[in-house]
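A short write-up of the structure that comes next.
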Amino acid sequence: MELKRVLTIAGSDSSGGAGVQADMRVFAEMGVYGMCAVTAVTAQNSLGVQKVEKIAPRIVAAQIDSCVRDIGVDACKIGMLYSHQIVNSVSERLRRREIKRVVLDPVTFAKDGTRLLLSKAVDCMKRQLLPLCELVAPNLEEAGLLSGIEVKDVSSAVDAAKAIFAMGSKNVLVKGGHFAGEPVDILFDGENVHRFSGRRIEGRAMHGTGCVLTAAIAARLALGESVYDAVKFAKDYVEQAIRSSVELGKGRLYYFNGTGGGFR
106 MELKRVLTIA GSDSSGGAGV QADMRVFAEM GVYGMCAVTA VTAQNSLGVQ
156 KVEKIAPRIV AAQIDSCVRD IGVDACKIGM LYSHQIVNSV SERLRRREIK
206 RVVLDPVTFA KDGTRLLLSK AVDCMKRQLL PLCELVAPNL EEAGLLSGIE
256 VKDVSSAVDA AKAIFAMGSK NVLVKGGHFA GEPVDILFDG ENVHRFSGRR
306 IEGRAMHGTG CVLTAAIAAR LALGESVYDA VKFAKDYVEQ AIRSSVELGK
356 GRLYYFNGTG GGFR
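In this text, residue positions in the sequence shown follow the working numbering: the first is 106, and each later residue adds one.
Written out as structure tokens, the structure is:
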């Protein structure tokens with residue numbers, strides 16, 4: 106079978122639990138070849154984010170070019186972009202290099218509240234980046250920020266998904282992990298609304314859950330699955346990843362440590 110190639114465009118997490126470090130671990134477990142374009146370097150650990158240093162947009166663009174020109178890209182996952190300059194640079198490169206199967210995780214805030222997408226970058230993302238995406242996967246707060254709709258239940262999540270879809274993305278997945286009660290994710294494909302119900306795993310707040318989910322979706326798209334099937338697979342994968350996560354650091358945070366390679 107031909108080896109599929111997946112590029113992650115995201116920030117670096119010094120603690121290894123999220124960002125490009127988590128994405129590359131997911132790609133390895135999925136049996137695809139992973140590459141990265143680093144957008145920012147973060148100093149962070151289980152206690153929070155201490156420092157953020159953005160990478161120059163021209164360096165981000167150069168990393169993308171190096172991967173596309175030589176190795177090629179079958180799918181792309183995008184995470185932390187931080188500034189409107191980087192959003193513009195990434196959007197331009199996606200168009201110029203004709204990169205398809207783009208999965209966007211519009212990372213906006215860290216768990217400790219640190220801003221990872223500046224306010225000016227949000228508008229730029231809506232105009233420039235969303236129309237290039239196969240799937241956009243915001244959490245409840247991010248869905249509200251993108252759509253202008255307060256997302257507090259499944260009904261408002263559907264409304265937000267439809268509003269974000271109207272901005273150009275082919276599919277929208279609103280991640281409902283922060284709903285009260287059992288988590289429900291909403292996938293809107295332009296015609297149908299699909300609900301993915303999950304099971305809350307009490308006592309395990311895993312760092313990097315959104316990164317792992319979207320990296321898994323991108324990998325499955327590269328392998329030829331439909332968006333629906335890729336999301337379904339990734340949901341199961343994340344559940345197993347949470348169960349397999351390890352508690353590290355003084356912040357008593359659980360970290361992604363793979364699933365043992367049983368998901369392919």
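For glycine and all other residues, C-beta sits at the position ideal for the given N, C-alpha and C.
Fill in: Pairwise C-alpha distance: His189 and Lys225
Here the alpha carbon of Lys225 sits roughly 6 Å from the alpha carbon of His189.
Worksheet item: Can you round the beta-carbon distance between Gly273 and Pro236 to whole angstroms, since I take them to be within the 8 Å contact cut?
Response: 3 Å
Fill in: Sheet register partners of Gln149 (DSSP bridge)
Val154
Discussion item. I need the straight-line Cα distance from Gly116 to Val125, nearest angstrom please.
Written reply: 6 Å
Worksheet item: Do the region 141-161 and the region 214-221 touch if we need at least three Cβ pairs shorter than 8 Å?
Response: yes
Worksheet item: Is the number of C-beta pairs between the region 119-135 and the region 162-169 that are closer than 8 Å three or more?
Response: no
Worksheet item: Taking the beta strand (DSSP E) that Thr113 falls in, what are its first and last residues?
Response: 110-118
Fill in: DSSP beta-bridge partners of Tyr359
Beta-bridge partners of Tyr359 (DSSP): Met311, Glu352.
Discussion item. Closest to Glu352 by C-alpha separation, out of Gly121, Glu287, Asp228, Leu112, would be which residue?
Written reply: With distances taken between Cα atoms, Glu352 lies closest to Gly121.
Worksheet item: Skipping 5 residues on each side, what residues in its chain have a beta carbon closer than 7 Å to that of Cys229?
Response: His189, Val192, Asn193
Worksheet item: Of all the beta strand (DSSP E) runs that stay within the bounds of the region 163-198, which reach a length of 3 or more residues?
Response: 180-183
Practice prompt. Kindly indicate the opening and closing residues of the beta strand (DSSP E) around Val289.
Written response: Counting along the chain, the beta strand (DSSP E) containing Val289 begins and ends at 289-293.
Worksheet item: Gln233: buried (16+ other C-beta within 10 angstroms of its C-beta) or exposed?
Response: buried
Item to complete: Could you check which residue in Ile114, Val256, Gly295 has the C-alpha nearest to that of Val279?
Response: Val256
Worksheet item: Nearest to Leu240 by alpha carbon, out of Ala320, Arg202, Leu222?
Response: Ranked by Cα distance from Leu240, the first of Ala320, Arg202, Leu222 is Ala320.
Discussion item. Assuming the contact rule is C-beta atoms closer than 8 Å, Asp290 and Lys337 should be a hit. Round their C-beta distance to whole Å, please.
Written reply: Rounded, the Cβ-Cβ distance is 10 Å, inconsistent with contact.
Practice prompt. Specify, as a first and last residue, the run of the alpha helix (DSSP H) that Leu251 falls within.
Written response: 245-252
Discussion item. For Ala327, tell me which candidate among Glu158, Cys172, Cys181, Met129 has the shortest Cα-Cα distance.
Written reply: That would be Cys181, whose Cα lies nearest to the Cα of Ala327.
Fill in: Neighbour-count burial assignment, Ala271, 16 or more Cβ in a 10 Å radius
exposed
Discussion item. By the three-class DSSP mapping on this structure, what secondary structure does Gly139 have?
Written reply: strand
Worksheet entry | Start-to-end residues for the beta strand (DSSP E) that takes in Phe270 | Where Phe270 is concerned, there is no enclosing beta strand (DSSP E), although the alpha helix (DSSP H) it sits in stretches over 259-270.
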